[in-house]
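> From first to last, the protein sequence lines are chains G and B. The numbering of the first sequence is the numbering used here, which starts it at 1 and goes up by one. The numbering of the second sequence is the numbering used here, which starts it at 1001 and goes up by one. In this text, a Cβ means the ideal position worked out from N, Cα and C, and glycines have one as well.
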Amino acid sequence: MSESRPFHLAVELGGAGRHPAAWRLPDADAAGLLTAAHWAELVRRSERAGAAFVVLADSVAPPSAAADTVQARLDATGVAALLGPLTSRIGIVPVVPVTYAEPFHVAKAVATVDLVSQGRAGWQVDVAAPAGTGAGDVQAAQFHGRSAVGSAAQWREAADVIEVVRRLWDSWEDDAIVLDAATDRYIDRDRVHDVAFTGTTFSVAGASITPRSPQGQPLVVVRGDVPYALGVAVAGADVIRIAARDVKEASALAARVRAAVAGSGRPARSVKVLLDVETLLGRDEAAARERLAELDRLAGRPYEPSGVHVVAGAERAADALADVVDLTGVDGLVLQPLAHAGDLAVLAEEVSPRLREQGRLADLPAKAGPEAPRTLRDAFGLDRPLSRYTLAR
Amino acid sequence: MPKQIHLAAHFPGVNHHTVWTDPSHRPETQTAFASFEHLARTAERGKLDFLFLAEGLRLREQRGQLVDHDVVGRPDTYTVLAALAGVTTHLGLAGTINATFNEPYELARQFATLDHLSAGRAAWNVVTSSDAFHGANFRRGGYLDHADRYERAREVVEAARALWDAWAPDAIAADAAAGVYARDRSIGLVRTGGRLVDIEARPTLPRSPQGHPVILQAGDSDAGRELAAQVADAVFSRHGSLEDGQAFYADVKGRLARYGRSPEDLKILPGASFVLGDTPAEAEERLREIQHQQVRPAVARAFVEQLWNRDLSEYDVDGPLPEIDPLVEAPSITQGRASFFKDPLAIAATWRALSEEKGLSIRELVIEVVGRQSFVGTPQHVADEIDRYVQSDASDGFILVPHLTPHGLDEFVDRVVPLLQERGSFRTEYTGTTLREHLGLPAADRFGSTLDDVDAPDEALTA
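Below, the structure written as structure tokens:
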């Protein structure tokens, strides 16, 4: 592995941050967590920090019963759409669980996020809580006539959903709209294709109602570290996310994912592996320690990291993040700020500039002029694929 | 002060009305966000009540092939509305989302999200369908009995409203010092227990700025009108003439009392097209030009084929109507759009009589039948007519349907809106911030009936 190559940063946002007491910090905007202005500000900070994308966390879980946490949660696809026109470079990746969703709606919703962001949409595929858990039954009861199934079946279905969504994204070839007044044809109907998909649990007959989006295929993100998901990720994802207890485990897991990708016959470069890192950042070491102490005091218990984490002042944080990449061989990191507002401010103003200076941040240069916007696929060096139906001609 | 007019703008859609042969129309015109943003900003500049987006669930087909002569394709309705929330400040954001092929839990959550993100500007046009053609794109297929369409709509809206009401109005404390985000026992569990919607859910969002997003309804049958009277805040109607409009208006408003509602609690908003000119003659000239752009030869043929329910590709659209009769018993050749025709033989007879009387070709006949525009004339004439309809209770306003994307509303906002404002019957500034305020609708009270169904939090269910 090369020791000083640039790596990708992404940021995952949910609630007010990873720490349960994050919303109680003075800069957390606790009363504004459900407003457009709040999300726009957080994502603009992430954009200034050079993040390739933000993941907007979501699920079909009901609100937590723990009143000392943020119990409200907006629909991530709606937030993603809102952010499209309000940002210019950062990718926007809502988590969209598929277990109870209509694949047809998922396909056109993500394609539309791609339209409103001019090519910066992704989709993190997830499933609901499985059968045999209280949460699984609670989540299923929210949907008429549905009952929970096991994880293996959920991920098998998720693979089908990815397949049909990708077909729907291709179902209009790029040049399907011909506007030929001489023959009275708005479209060339030979370039719009029924997907005719029949899976075990659902089928989709027709073409998408949405023409092909700017990226053609928005970025598909799947976790590779939950049971039954790795095979789905290897077969269908552009970005595979992993989490690990420490860098040693992360390194082994990353190697396992890469081996699985190689075994699948996909080119190694076509799949990016990103590692989750919890962060708590301060302008200096003392500030980071103070913020953590304040969070622990508010929560009434010490923070227990769920895995690889960086709690540090800006200077050491930049080095630590680069070290994590170098020690694990991943393509980049998904930062999970313990407290959004403060962490993203320090990231944008102190940490990312250091990484940029060191040539370690693979971010998109700020652009001037009327040049076409760069897409999220561009940010990862992924080509814009032709529609499979064009290729089959 | 005269009765106030409510105006909305319909994004030009997938039908013959939208002229795509205009030189300004490009392949991306119907999907680029810039198009939606332009129409929304124009509508907001004109102080309109809301923007309206229709929905697609499957591309239309005729004679087993995709319909290719009209605009085809559009983005996802909810997703575009959410994007528009960030680039507008006052304009209501309304969209059709089908209640048959979406889960009430998701619908409620999406419109609650839109209402939060837009600070109170969300509206949902509730429609249902029951056909297998649309159903083939969805998990449950064409599962819904035709007779259950309105029951489905009613149960879905009631479920959505229960979900919107599940958090107590003062649920969010956001008390950082005490560490209390939502007050104890303030997030209720909704159990609907309906025949068609039987769910149990504790929603993820507190009451949104409007309490309940505005509900629109478009059904015109007796059951549709009754549903509107029972649950809707506004009706997207299609009764264009003054007399039809007045009859519809009186009928639907007359049904409100039995649900304990007042006439002003439900707005009647017919769809309306318009053609402007500096003189009446110029407007008529532009009308003829637009009609010929809308009803091109392929459009005319497809339209007559729909009524005849058979292949008429051998007929010249500049010649007379077919001498053969419509196929009445055969399955419809048209999929993905509601049939306009109740009695094809009778309508064909009427069309033949009309075309013989006036000497009309197929294309001219279709222009005569479908090419009409609601308001044609000088800006002054159009403003006077709109006001006359509203003041004489043929409607509470109109949902304007431009024929060009996305600039088709510009001229109306520049030339007609100021005249309506001069008359004192249309706002010169927004006086509220929510769509309910723009429409003069009462605040959405938390339903008493729903409260009975909402249980206090239960540890086992939120674990």
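Let me check understanding here. Comparing Cα to Cα, which of His1438/B, Glu1357/B and Val1369/B lies closest to Val1299/B?
Taking the first residue of the second sequence as 1, we reach residue 1299/B at position 299. For Val1299/B, the closest C-alpha among the options His1438/B, Glu1357/B and Val1369/B is that of Val1369/B.
> Using a cut-off of 9 Å between C-beta atoms, extract the partners of Thr210/G located in chain D.
Absent here is chain D; the protein component of the structure consists of chains G and B.
> Could you run through the stretch 121-146 of chain G and flag, in chain order, every residue whose CB is less than 8 Å away from some CB of chain B?
Gly134, Ala135, Val138, Ala141, Gln142, Phe143, His144 and Gly145
> Is the distance from the Cβ of Leu1441/B to the Cβ of Asp1233/B below 7 Å?
Looking up residue 1441/B in the second sequence gives position 441. Looking up residue 1233/B in the second sequence gives position 233. Contact: yes.
> How far does the beta strand (DSSP E) with Arg241/G in it reach, from first residue to last?
Taking the first sequence and counting its residues from 1, the one referred to as residue 241/G is at position 241. Where Arg241/G is concerned, the enclosing beta strand (DSSP E) stretches over Val239 to Ile242.
> Which runs of the alpha helix (DSSP H) fall wholly inside the stretch 150-209 of chain G and span at least 4 residues, in chain order?
151-170
> Looking at chain G, is there any beta carbon in it that lies within less than 7 Å of the beta carbon of Val1019/B?
Position 19 of the second sequence, counted from the start, is the residue given in the question as residue 1019/B. By this cut-off, Val1019/B is not an interface position.
> Cβ atoms of Gln1294/B and His1550/B: under 7 Å apart, would you say?
Because chain B here runs from 1001 to 1463, residue 1550/B falls outside it and cannot be looked at.
> I want to see whether chain B comes within less than 7 Å of Ser387/G, judged by CB atoms only; does it?
Along the first sequence, read from residue 1 onward, the residue named residue 387/G stands at position 387. False, the Cβ-Cβ gap to chain B never drops below 7 Å.
> Unbroken alpha helix (DSSP H) runs of length 4 or more, entirely within the stretch 73-128 of chain G: which are they?
76-83 and 103-116
> In chain order, what residues of the same chain lie with their CB nearer than 8 Å to the CB of Ala1008/B, ignoring the 5 residues before and after it?
Working through the second sequence from its first residue, we reach residue 1008/B at position 8. Excluding positions up to five away in sequence, the list reads Ala1043, Leu1048, Asp1049, Phe1050, Leu1051, Phe1052, Gly1092, Ala1094, Leu1269, Gly1397, Phe1398, Ile1399 and Leu1400.
> Do Arg223/G and Arg241/G come within 7 Å of each other at the CB atom, strictly closer than that value?
Sequence index remark: in the first sequence, residue 241/G carries index 241 (1-based). Sequence index remark: in the first sequence, residue 223/G carries index 223 (1-based). Contact: yes.
> Taking Pro97/G as the reference, which of Phe197/G, Leu281/G, Gly119/G and Trp155/G has the closest Cα?
As a first step, residue 97/G is located in the first sequence; it is residue number 97 there, counting from the start. The residue from Phe197/G, Leu281/G, Gly119/G and Trp155/G with its alpha-carbon nearest to that of Pro97/G is Trp155/G.
> Trp1308/B lies in the alpha helix (DSSP H); which residues open and close that run?
As a position in the second sequence, residue 1308/B is number 308, starting the count at 1. Element bounds for Trp1308/B: Pro1297 to Trp1308.
> What are the start and end residues of the beta strand (DSSP E) that includes Lys272/G?
Along the first sequence, one-based indexing puts residue 272/G at 272. Start and end: Lys272 to Gly282.
> Mapping the DSSP letters down to three states, classify Asp1325/B as helix, strand or coil.
For the purposes of this step, residue 1325/B is taken as residue 325 along the second sequence, with counting starting at 1. Here DSSP, grouped into helix, strand and coil, assigns Asp1325/B to coil.
> Pull out every residue of the stretch 1199-1211 of chain B whose Cβ sits closer than 8 Å to any Cβ of chain G, in chain order.
Ile1199, Glu1200, Ala1201, Arg1202, Pro1203, Thr1204, Leu1205 and Pro1206
> Please name the residues in the stretch 263-287 of chain G whose beta-carbon is closer than 9 Å to at least one beta-carbon of chain B, in chain order.
none
> If we count Cβ pairs, one from each stretch, closer than 8 Å, do we get three or more for the stretch 306-315 of chain G versus the stretch 271-287 of chain G?
yes
> From Trp1466/B to Asp246/G, what does the alpha carbon distance come to, in whole angstroms?
Chain B is shown only over 1001 to 1463; residue 1466/B falls outside these bounds and no answer can be derived.
> So what's Pro1270/B in DSSP terms, helix, strand or just coil?
Taking the first residue of the second sequence as 1, we reach residue 1270/B at position 270. Judged by DSSP in its simplified three-state form, Pro1270/B adopts strand.
> Can you find a C-beta in chain B that's less than 7 Å from the C-beta of Ser2/G?
The residue you call residue 2/G lines up with position 2 of the first sequence. Note that Ser2/G scores a pLDDT of 47, beneath 50, so its modelled location is shaky; the value from the coordinates is reported in the next line. No, no contact with chain B.
> Could you give the uninterrupted runs of the alpha helix (DSSP H) lying entirely in the stretch 1240-1291 of chain B, keeping only those of 4 residues or more?
Taking 4 residues as the minimum length, the alpha helix (DSSP H) runs contained wholly in the stretch 1240-1291 of chain B are 1242-1254, in order along the chain.
> Name, going along the chain, the residues of the stretch 143-172 of chain G whose beta-carbon falls closer than 8 Å to a beta-carbon of chain B.
Residues passing the 8 Å Cβ filter: Phe143, His144, Gly145 and Trp172.
> Going along the chain, which residues of its own chain have a beta-carbon closer than 6 Å to the beta-carbon of Leu298/G, five neighbours each way excluded?
For the purposes of this step, residue 298/G is identified with residue 298 of the first sequence, where counting begins at 1. Around Leu298/G: Ala21 and Arg24.
> Pull the bridge partners of Pro337/G from the DSSP assignment, please.
On the first sequence, position 337 is the one that residue 337/G refers to. Looking at the DSSP assignment, Pro337/G forms a beta bridge with Thr279/G.
> Between which two residues does the beta strand (DSSP E) containing Gly1095/B stretch?
Residue numbering aside, residue 1095/B sits at position 95 when the second sequence is read from its first letter. Residues Gly1092 to Asn1098.
> Comparing C-alpha positions only, which one of Pro227/G, Val70/G, Ser46/G and His38/G sits nearest to Ala128/G?
In the first sequence, counting from the first residue as 1, residue 128/G sits at position 128. When Pro227/G, Val70/G, Ser46/G and His38/G are compared, the shortest CA-CA separation from Ala128/G is found for Pro227/G.
> If we cut at 7 Å on Cβ distances, does Arg185/G have a partner in chain B?
Indexing the first sequence from 1 puts residue 185/G at position 185. With 7 Å as the cut-off, Arg185/G counts as an interface residue toward chain B.
> For Ser1392/B, tell me which candidate among Asp1244/B, Asp1410/B, Arg1372/B and Arg1352/B has the shortest Cα-Cα distance.
Looking up residue 1392/B in the second sequence gives position 392. Among Asp1244/B, Asp1410/B, Arg1372/B and Arg1352/B, the Cα nearest to that of Ser1392/B is on Asp1244/B.
> Between His1146/B and chain G, is there a C-beta pair that is closer than 7 Å?
Stepping through the second sequence from its first residue, residue 1146/B is reached at position 146. No, its Cβ sits nowhere closer than 7 Å to a Cβ of chain G.
> In whole angstroms, what is the alpha-carbon distance linking Phe1138/B and Ala320/G?
Indexing the second sequence from 1 puts residue 1138/B at position 138. Indexing the first sequence from 1 puts residue 320/G at position 320. One C-alpha to the other measures close to 48 Å.
> Name the residues in the stretch 190-221 of chain G whose C-beta lies less than 7 Å from a C-beta of chain B; which are they?
Val192, Phe202, Val204, Ala205, Gly206, Ala207, Ile209, Thr210 and Pro211
> Starting from the N-terminal side, write out each stretch of the beta strand (DSSP E) that is 3 residues or longer and does not extend beyond the stretch 1046-1081 of chain B.
1050-1053
> Should Pro211/G and Thr1031/B be called a contact, given that it needs their Cβ atoms to be closer than 7 Å?
Taking the first residue of the first sequence as position 1, residue 211/G is located at position 211. Taking the first residue of the second sequence as position 1, residue 1031/B is located at position 31. Result yes, Cβ atoms of Pro211/G and Thr1031/B sit closer than 7 Å.
> Applying a beta-carbon distance threshold of less than 8 Å, which residues of chain G neighbour Ala1473/B?
This structure cannot speak to residue 1473/B, because chain B is shown only from 1001 to 1463.
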